[in-house]
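Undergrad: Structure in structure tokens, see below.
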């Protein structure tokens, strides 16, 4: 699995990442200076480069210079190396050590820690030497299960018995998806929070992530037109660095996340209030513990099907709002915009900071053409 990022210093960057910007106008407040940290490549044959990278590469970087003086930086990272927070730390360290930062006063970066001992000790149910706690010895029948794995198998079984499955052939085909970005301003998010808390006279509080995740789940499931008796599921990544006992060392670099999961029938989801769904999201997040991580990793190491059936009932979400990729100091300061490109699973949703509205949320998601209009109406109606 690979994660592709794009950073742009050009305010006139078109929708497609490698389209050329031929304008001869000088980009305001930006200098035309080559950075010898990067090699600036021509557009070339994108297909051949991508193929070579997918087969052999762990990290790919491409810099495109536009006629207007701006740049875009495309970065592909093999997910086996880093998760989101580790990628953000890595790119920050990379940028701070580039030649262009010389003489500007480099910011001290947290050194990455690649040691895996304590993590492996926990997930194999063996205490590390300095552990003050350990997982209790339990039989496999009484051990806590990972809800994300259980819900995934239920969705697979549901898809396998669904007689209308043939109607959705090609659902997992990336070419069928339209990638779109939707902006919820800070004012829209606060309005959504007031609607949720107003039912309790203002006594109910929630985070921006919780309320927008609930809103996204309802909007996407409704736009897909799921049958009321169908099981719908929301899964979102949870950073386990500080949730494990003991916590992972500061600067841990690698993959340190699991998926939390909430499941309801489509009918129940449509009828539930945002407040109740927020509570379920919070419960799922708070359920992440050492035992959950153990069960999650144990399930991933077990046998699993090579090909998943279409799972349109599954809404997957990754929260990048605490990872402001646009603030990574490549080239001459903050980027005008940063975004994931085509993800391995195109319907995965990403929450990102907006460079011009740090309390707002940009949603990047892949949608099938037939539900794009309805999703836009449901999601932006707050």
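Numbering (full-length UniProt numbering), first residue to last: 1 to 382. Cβ coordinates follow ideal geometry from the N, Cα and C atoms, glycine included. These numbers were taken from a predicted model, which means no experiment stands behind them.
#1: Does the distance between the C-beta of residue 86 and the nearest non-hydrogen atom of the ligand NAD fall short of 7 Å?
#2: Within the same chain, show all residues whose beta-carbon is closer than 7 Å to that of residue 374, passing over the 5 residues directly before and after it, in chain order.
#3: Please name the residue in 270, 194, 341, 227 whose C-alpha comes closest to that of residue 75.
#4: Determine the direct distance from the alpha carbon of residue 333 to that of residue 345, and round the result to whole angstroms.
#5: Quick one: using the 10 Å Cβ neighbour count with 16 as the cut-off for buried, is residue 92 buried or exposed?
#6: Between residue 239 and the rest of its own chain, which residues show a CB-CB distance below 7 Å, the 5 nearest in sequence each way excluded?
#7: With which residues is residue 113 paired in a DSSP beta bridge?
#8: Helix, strand or coil for residue 318, going by three-state DSSP, please let me know.
#9: Who are the Cβ neighbours of residue 188 in its own chain at under 7 Å, not counting the five residues just before and after it?
#10: Whole angstroms is fine: what's the gap from residue 184's alpha carbon to residue 365's?
#11: What are the start and end residues of the beta strand (DSSP E) that includes residue 364?
#12: Could you tell me the boundaries of the beta strand (DSSP E) in which residue 257 lies?
#13: What is the DSSP secondary structure of residue 371, reduced to helix, strand or coil?
#14: Taking the alpha carbon of residue 317 as the point to measure from, which residue in 82, 252, 215, 88 has its own alpha carbon closest?
#15: Decide if residue 29 is buried, meaning its Cβ has at least 16 other Cβ atoms within 10 Å, or exposed.
#16: Where does the unbroken beta strand (DSSP E) through residue 62 begin, and where does it stop?
#17: Measure the alpha-carbon distance for residue 243 versus residue 64 and round it to whole angstroms.
#18: In its own chain, which residues sit with a C-beta less than 7 Å from the C-beta of residue 167, not counting the 5 before and 5 after it?
#19: Please report the straight-line C-alpha distance between residue 348 and residue 315, rounded to a whole angstrom.
#20: Identify the residues that DSSP records as bridge partners of residue 239: which are they?
#21: For the candidate residues 350, 321, 281, 336, whose alpha-carbon lies nearest to that of residue 148?
#22: If you check the beta carbons only, do residue 367 and residue 351 fall under 8 Å apart?
#23: Looking only at its chain, what residues have a beta carbon closer than 6 Å to the beta carbon of residue 87, apart from the 5 residues adjacent to it on each side?
#24: Helix, strand or coil: which one does DSSP assign to residue 247?
#25: Look at residue 290 and residue 245 and say whether their C-beta atoms are less than 8 Å apart.
#26: Under 8 Å Cβ to Cβ from residue 288, same chain only, skipping five residues before and after it: list those, please.
#27: Alpha carbon to alpha carbon, what distance is there between residue 263 and residue 283?
#28: Would you list the one or two residues that DSSP bridges to residue 233?
#29: Between 323, 298, 369, which lies nearest to residue 83 when the distance is taken from Cα to Cα?
#30: Considering Cα atoms alone, identify which of 230, 369, 319, 178 is closest to residue 208.
#31: Residue 274: buried (16+ other C-beta within 10 angstroms of its C-beta) or exposed?
TA: Reading it off the structure:
#1: The model on display carries no ligand, and the ligand NAD is accordingly not part of it.
#2: 223
#3: 341
#4: 31 Å
#5: Residue environment for residue 92: buried (at least 16 other C-beta atoms within 10 angstroms of its C-beta).
#6: In its chain, beyond the 5 residues on either side, 85, 256, 257 have a beta carbon closer than 7 Å to the beta carbon of residue 239.
#7: 252
#8: Three-state DSSP puts residue 318 in a strand.
#9: The residues are 382.
#10: 13 Å
#11: 357-367
#12: 257-265 is the extent of the beta strand (DSSP E) around residue 257.
#13: helix
#14: 215
#15: Annotation note: pLDDT 32 at residue 29 (below 50); position unreliable, coordinate value reported separately. Looking at its Cβ environment, which holds fewer than 16 other Cβ atoms inside 10 Å, residue 29 is exposed.
#16: 59-65
#17: 40 Å
#18: Bear in mind that a pLDDT of 48 at residue 167, under 50, signals an unreliable position, so the number given afterwards is only what the model happens to contain. There are no such residues.
#19: 7 Å
#20: 257
#21: 281
#22: no
#23: 77
#24: coil
#25: yes
#26: 238, 240, 243, 258, 260
#27: Each residue's alpha carbon lies about 12 Å from the other.
#28: The beta-bridge partner set that DSSP reports for residue 233 consists of 263, 314.
#29: 323
#30: 319
#31: buried
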